[in-house]
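Asks: Numbering (our numbering), first residue to last: 1 to 493.
Even for Gly, the Cβ is constructed at its ideal location relative to N, Cα and C.
A quick note: this is a predicted structure, and the numbers were derived from the prediction, not measured.
There's a structure below that I have some questions on.
Okay, here's the thing in C-alpha cells:
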C-alpha cells in the first residue's frame, strides 16, 4: 500500500517473488550475460596452454619437426607440382582457390563488350570475389588452415577472413614468423612477404581496416579502432553527401553498411541512432534529397568518427557491478510528489553508495508535468541517467547490470531510441555517458517488491542500511543540475 489514502495497489511480477536482499544475492550470482571469458575453441585453448607450459626452445623444436616431416612429404609430390599449381599462382586470396571441375557448369559469367557491341561469356577458373557461395567456401578453407596450425604447431592465432592474427612472445617471434611462412608455402598459399602488409611483430597491427593496439596488454587492456585510411575515406564520402544534399536509396544503404563496419570499432551506441536515421531516409518517401534527420545524423556520426574513441576490451571488466534505480510520482502528494532513488552494489553484492532525492516543480515541469498526466516513465529514465553519471568513474571499463523498475525505461535504454522529445534527450544523455565512462551496461527489469531502490525514491532517506552497514545519502545535486541543463538544450533543439 502506498500514499496517505492507503489504497491497495497490486502488481504482477514474473518469476518467484523475492525480497530485496534475495534479489540482490541472485543478481550477483547470475552476473552479466555478456562475459568476455567466453570459452575458447578447444584447439586454441591447447595452443595457448602450450605457450604457458613450454619454453621457446621446446616450441621451436616441435614446430621444426612438424615442418620437416611435411616438407619431406611435399618433396615426394614434386612431380605433381605443375598440375597442382595451375590455378594457384596469384596472391589474391580467392583466386588461389580453383573451382572444382564438377562445379564448372555454374562458373560462367556474361558481360557486355562495348568494343564488340555484343555480350561475352567467360568461364571462371577461381572463386569470384564477393559471391556469397565463394565467401562460404573460402571461409571453410581458411578455418581448416587455422585449425591445422593451431592443433599441430600450437600457434596461438585467429583468422579474420584472409588475415591471420598471430601472437608471440618477443623472444620467439622470429622463429614463429619463419614457421608460419614455411607452413603457408608448404600448403601452396601465396601471401604478402614484403610491402605494407608484411609488417613485423609489433604492439600495434592491422587487420582488414582495423587497428589493434596491445600497448597496455600487460595491464589486461586491448584497443580496437579504425585505421586512418578507413576513417579518411568514410569522412570524405559523408562530406560529399552533405555538400551535395542528395542521398539516393542505393547509396544510402551502401553508406549505412560502411558506417556499420566503422562503428563496430568505436565504443558506444550513438552510432546506432545515426545509422537508423540513414536507413529511415533510404526507405522513406522523400526521395533522394537529404532529409534533415539524416543530415543531422551524418554530422553526428562524422564527429564520432573524428573522435575515434576506441573499443576497449579489458579484464578489469570481468566482475560486474550492479545499479538499482527507481522513481515515484504522485501528483497530489503534498510533500513528495516525485522522487528518485538509486543504490550501487559491487561485484560481491556489498552496497557501495546510494542517493535519495526529490524533484522540485521546475524539474517536474521539464520532465513533462502539465503537458502530461503522468511522468513516471520520464522520472524513471532520469533516475537511471543520474545514477550512471554519478557512479560512472567507479564503473569505468566494467560490466554493469542496471536494474530498473519500469518496462518502458528498460526498453528505450536497450534500443537507445525513444519517440518523444524528453525521453529522446534523456536517452542521448544515457548513451553519451556510457561512451564517456567506457562501461558495458546490461539493462533489465526488477519487480517493485524486489527493488532495493524503491524506498529511497519514495521518501528522503538520510542513511541506507544494508546487511548491517550504514551508508550516508550521497548528493546528486551536481548531476541533477547538469542533466536538467542538458534537457533544456536538447528539447529546445
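(1) Straight-line CA distance for residue 179 to residue 64?
(2) On the three-pair Cβ rule with 8 Å, is the segment 283-297 touching the segment 179-196?
(3) Measure the Cβ-Cβ separation of residue 400 and residue 440 and say whether it is below 8 Å.
(4) If we count the other Cβ atoms within 10 Å of its Cβ and call it buried at 16 or more, is residue 108 buried or exposed?
(5) Quickly, what does DSSP pair residue 266 with across the bridge? List them, please.
(6) Please confirm whether residue 311 and residue 266 have their CB atoms less than 8 Å apart.
(7) Does the beta-carbon of residue 136 have 16 or more other beta-carbons within 10 angstroms, so that it is buried, or is it exposed?
(8) Please list, in chain order, all residues of the same chain as residue 128 whose beta carbon is under 6 Å from its beta carbon, the five residues on each side excluded.
(9) Tell me which same chain residues have a C-beta within less than 6 Å of the C-beta of residue 83, skipping the five on either side of it?
(10) I'd like to confirm the pairing. Which residues does DSSP put opposite residue 123 in its beta bridges?
(11) Report yes if the C-beta distance between residue 464 and residue 352 is below 8 Å; otherwise report no.
(12) Below 6 Å CB to CB, which residues in the same chain sit around residue 388 once its five sequence neighbours on both sides are set aside?
(13) Got a sec, what are the start and stop residues for the alpha helix (DSSP H) residue 243 sits in?
(14) Rounded to a whole number of angstroms, what is the C-alpha to C-alpha distance between residue 234 and residue 218?
(15) For residue 191, report the span of its alpha helix (DSSP H) as first-last.
(16) Identify, in the order they occur along the chain, each residue of the same chain with its Cβ nearer than 7 Å to the Cβ of residue 208, setting aside the five sequence neighbours on each side.
(17) Can you give me the C-alpha to C-alpha distance between residue 298 and residue 421, rounded to a whole angstrom?
(18) Would you call the segment 291-307 in contact with the segment 254-269, where contact means no fewer than 3 C-beta pairs closer than 8 Å?
(19) Just mark residue 458 as buried or exposed, buried being the case when its beta carbon has 16 or more other beta carbons within 10 Å.
(20) Thinking just about the alpha-carbon of each residue, which of 367, 183 and 110 is nearest to the one in residue 382?
(21) Take the Cβ of residue 156 as the centre, count every other Cβ of all protein chains shown within 10 Å, and call the residue buried at 16 or more, exposed below.
Replies: Here's the rundown:
(1) 7 Å
(2) no
(3) yes
(4) exposed
(5) 310
(6) yes
(7) exposed
(8) 134
(9) Low per-residue confidence applies at residue 83: pLDDT is 44, beneath 50, and the placement is therefore not dependable enough to give any value.
(10) 108
(11) no
(12) 433
(13) 228-244
(14) 33 Å
(15) Here residue 191 belongs to no alpha helix (DSSP H), and DSSP marks it neither H nor E.
(16) 160, 161 and 163
(17) 20 Å
(18) yes
(19) buried
(20) 367
(21) buried
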